[in-house]
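Q:
Numbering (the numbering used here), first residue to last: 1457 to 1600.
1. Return the chain-ordered list of same chain residues with a C-beta closer than 7 Å to the C-beta of residue 1502, the five sequence neighbours on each side being excluded.
2. To the nearest angstrom, report how far apart residue 1467 and residue 1477 are at their CA atoms.
3. With residue 1557 and residue 1487 assumed to form a contact (beta carbons below 8 Å), what rounded beta-carbon distance in angstroms separates them?
4. Three-state secondary structure (DSSP) at residue 1480?
5. Bridge partners for residue 1493 per DSSP, in chain order?
6. Taking only three categories from DSSP, how would you classify residue 1485?
7. Would the region 1542–1552 count as touching the region 1564–1572 if we require 3 or more Cβ pairs under 8 Å?
8. Mapping the DSSP letters down to three states, classify residue 1467 as helix, strand or coil.
9. Please report the straight-line C-alpha distance between residue 1511 and residue 1504, rounded to a whole angstrom.
10. Just to check my reading of the structure: residue 1463 and residue 1473 have Cβ atoms closer than 8 Å, yes? What is that Cβ distance to the nearest angstrom?
11. Less than 8 Å between the CB atoms is what I'm expecting for residue 1537 and residue 1561, so what's the real figure, rounded?
Written as structure tokens, this is what we have:
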């Protein structure tokens, strides 16, 4: 693959390619289904094959203030314990790692700027592990 993308040994590009291959080829966790996809159509096909046709698509609305202090407003559970999550992978073209693990609870939360009165509702993808035993305590505190 390094030859295809003309990535020199120990270059940033070579590291990026190796990381992408590692993510896409890693072993499945118990009950996990996964697929690396390069387009929205393939993402949808994976979600439908995993969850069926009755789907709700959620995404983060924006990342304004993502490195600032925030306040958490209203938090609510929004699924039945099944979900597909897709994460962008650094690669020379669009690539996503999509996966589904059993008994995952997804939460939607209001992310509030403590210095303003405006609200920005966003999905907290890191909170999707809330029902798993290896969850850091800060995520368990979000459980409602």
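Even glycine gets a Cβ: it sits at the ideal position worked out from N, Cα and C.
A: Quick answer:
1. 1491, 1493, 1540, 1554
2. 16 Å
3. 6 Å
4. helix
5. 1552
6. coil
7. no
8. coil
9. 8 Å
10. 6 Å
11. 6 Å
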